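Using the working numbering, you'd call the opening residue of the sequence shown number 14 and step up by one each time.
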Amino acid sequence: EPPDTPKDFSCHTQDMKRVTCTWREGETYLYGRNAPQRTLSKTSSPKMALCKASCSSGQCSCSWDIGQQRIWNVTVTVENPLGKKNATDVFDVNHRMYPTAPFQVWEDCTDTEITLHWNYENNEIELFCQTEVVHPDGKVELLNSSAARPKRVTVRGLRPHTAYTARVRCAAQARFWRWSEWSQALTTTTKEGTPSGKLDIWREITPVLGGRNVTLFWKQTPSFQANGKIISYEVTWEKIEDGSKPESVSFSAIYNSTRIFIDNHSYRISIMAKNSVHFSLPSVLIISRATDNSRKILFCSFPGTEELKEGQVNGTDDGIFISWEPRSIYDSYIIDWCNFPRLQPCDLQWKRFGPNISSAVISSAAFLPGVRYKFCIYGSVANRASLLEKKIGYLRELPPHVDPIVRKVDLTYNSVTLSWDSYLTNESDTGFVRGYHVYVSPIQGNCNLKGSKKYILSDESELCKYTIENPEEKRYTVKHLMPNTKYKIAVKAFTGGGETPIVYFRYIDTPNNSNILYFVFLVVILPTLVAAICHWKMKWVKESCCPVIPSPNESKVLSFKEFKIDSEKVLKINDCLPDVLAVDSDAEAQKL
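Now the structure itself:
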């Protein structure tokens, strides 16, 4: 292909003595004697080359001494057998100053400042320079040197004992055209300074004979700046009441906890961090005087705190969500917990919250599903902490390990009553027991008991399922069973994580229905028995139940023969002396 027009053709000087022109070329795919020929010359004398060009990877340059001439009009021509192209640049050398990169960069520093120094070639040319400072967080800061001090700049407001990276570039002060290349980067660290902020400290109190063991913990927070390498921690404690002489002990920087013994008086405890310069400000804890009431407000695990019921908390995707009732008297809240509650030491952790916060999500890489974690919530005012609430919860609940033990089975012909032991809760539980499921099925056939739900096992067999949502319930009656039938039953506890698969069943046989036998006895057997007895004693029964009614005609009173009406004998009134005469009515009396 014919050559392209040279791109980015530009000329500059670094020392006001020699000019260098640069440009880029495209690929012509011609080589050897047909390769492109390049000529850089004055525009007015195209056949007189000023220099011999050199190219590498499409980037070309050409340099020549300029003598005293300052205004130049130059043309670069690129030619091959298929054609030629050229580019022109007209410039004043005074306006094309492109300094060399600064060198010999060094620094002086304090704990908060860095002063950078450098040199550059051609000190007779007035330059001004720019410094780039990269902070540890990636922030880039640019500072320009002053005319009075062109070879130095001071960077202020830095953090103690922190590494910063800096580099410098320069340009012509009188007629700015282009920055030089950057100097080599210099990484320097500020000196150490006094630690700023306070340590975050906490305690665990255990009552013992004659006093209390106090385990102290401390850690650095984002607001604490060590400003150097921490070499030790200073722990000091003193009685508040009598103002006795403080006791103190120093620990190496590798430690973050210690245990001290104090008696039953009130104590003020402070912890400071120390580097090679000085101590940090003290972090203070006040341990109240030991009384029966103080056990309730100081010790999360002490037996005197049963009246603080343990509320249940739930796990989320991010951790365990905890909320508490805010109290206006406290200036902060603290939540502590153990990362490994089943081990000793349990790796006690704590987190502080401001006075306007009443909920938080506690997260830890150590949290595992099926492990119960206890959270103690304290309110703090004037460095005195009081226990407010206790919570227990799981990152994620798992099914319970064991099933309820059925201790008693009461059977009737159409029901079974199951009684089981209370499900004992302890630290090893894998979830909160929410209730129970009772499963029933006849040995032969499917289950369709009234009030139940169908439950299909992995082997496609069908069970009747009853749900008891009260975890305190210990008794349940399954009704509507068939008499004289064999059933299999199972009782399972369930948590928020479900329940384990059914492995073992208990088998029962319902008895015959005694009510049916009683009915048969009343309707069939008893009447038959009575009939047999009656037939056997017919004469006695007849005389007792149906006696012969005497005929008046056979009465001796009517033995006379004088008066008869048809076949009936008639008794004359005057033949008798009645005891009582009763008249039914006046009309009847008149008739008579």
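Glycine included, C-beta positions come from ideal geometry on N, C-alpha and C.
Small disclaimer: the values here were computed from a predicted structure and weren't measured.
The criterion of a C-beta distance shorter than 9 Å is satisfied by Q238 and P208.
Looking at the backbone, the Cα of W433 and that of I347 are separated by about 41 Å. In this structure, T144 sits away from V106, with a CB-CB distance that is not shorter than 9 Å. When the beta-carbon positions are compared, A198 and R180 come within less than 9 Å of each other. With 16 or more other CB atoms across the displayed protein chains lying within 10 angstroms of its CB, A66 is buried. Residues of the same chain with a CB within less than 7 Å of the CB of R165, apart from the 5 flanking positions on each side, are T128, L129, H130 and S158 in chain order. Secondary-structure assignment with DSSP links A506 through a beta bridge to Y449. P15 is positioned such that its CB atom lies closer than 9 Å to that of G96. Just so you know, the alpha carbons of V248 and I282 end up roughly 7 Å apart. Contact check for K387 and P354: beta-carbon distance about 7 Å, within the 8 Å limit, so the pair qualifies. About 7 Å separates the CB atoms of S372 and I335; that is less than 8 Å, so the two are in contact. Taking the Cα of V297 as reference, the smallest distance to any Cα among R340, G210, G328 and E205 is reached at G210. A distance of 9 Å or more separates the beta carbons of F230 and I218. Taking all protein chains shown into account, F22 has 16 or more neighbouring C-beta atoms within 10 Å of its C-beta and is therefore buried.
For D102, DSSP records a beta bridge to V87. With 16 or more other Cβ atoms inside 10 Å of its own Cβ, W337 counts as buried. For the 9 Å CB-CB criterion, E485 and G444 do not form a contact. For secondary structure counted as the beta strand (DSSP E) over 3 or more consecutive residues, the segment 328-366 holds these complete runs in sequence order: 333-336, 345-351 and 361-366.
When only Cα atoms are considered, T123 and S76 end up about 45 Å apart.
If the five residues before and after M285 are omitted, its C-beta is found closer than 6 Å to the C-beta atoms of E247, F292, S293 and P295, all from its own chain and listed in chain order.
In the structure shown, C24 falls within a strand segment according to DSSP collapsed to helix, strand and coil. A residue is called buried when at least 16 other Cβ atoms come within 10 angstroms of its Cβ; I375 meets this threshold and is buried.
Nearest C-alpha to V491 among Y44, N427, R397 and V446: N427. Per DSSP, the continuous beta strand (DSSP E) segment holding A184 begins and ends at A176 to A185. With 16 or more neighbouring CB atoms inside 10 Å of its own CB, D442 falls in the buried class. Counting C-beta pairs with one atom in each stretch, the segment 466-481 and the segment 447-454 have three or more that are closer than 8 Å, which means they touch.
Listed in chain order, the non-local C-beta contacts of G509 below 7 Å within the same chain comprise E410, G444, F445 and R447, local neighbours out to five positions each way being set aside. Bounds of the beta strand (DSSP E) holding V262 are E260 to S265. Residue pairing by DSSP places K404 opposite G324 and F388 in a beta bridge. At least 9 Å separates the beta-carbon of P94 from that of S193.
Taking each of A48, C34, D121 and P368 in turn and checking the Cα distance to V87, the smallest one comes out for C34. Secondary structure at G206: coil, using DSSP grouped into helix, strand and coil. Going by DSSP, R488 is part of the beta strand (DSSP E) stretching over R488 to V491.
Taken through DSSP and simplified to helix, strand or coil, L411 comes out as coil. Judged by DSSP in its simplified three-state form, C460 adopts coil rather than helix or strand. Around the beta-carbon of M551, fewer than 16 other beta-carbon atoms lie within 10 Å, marking it exposed.
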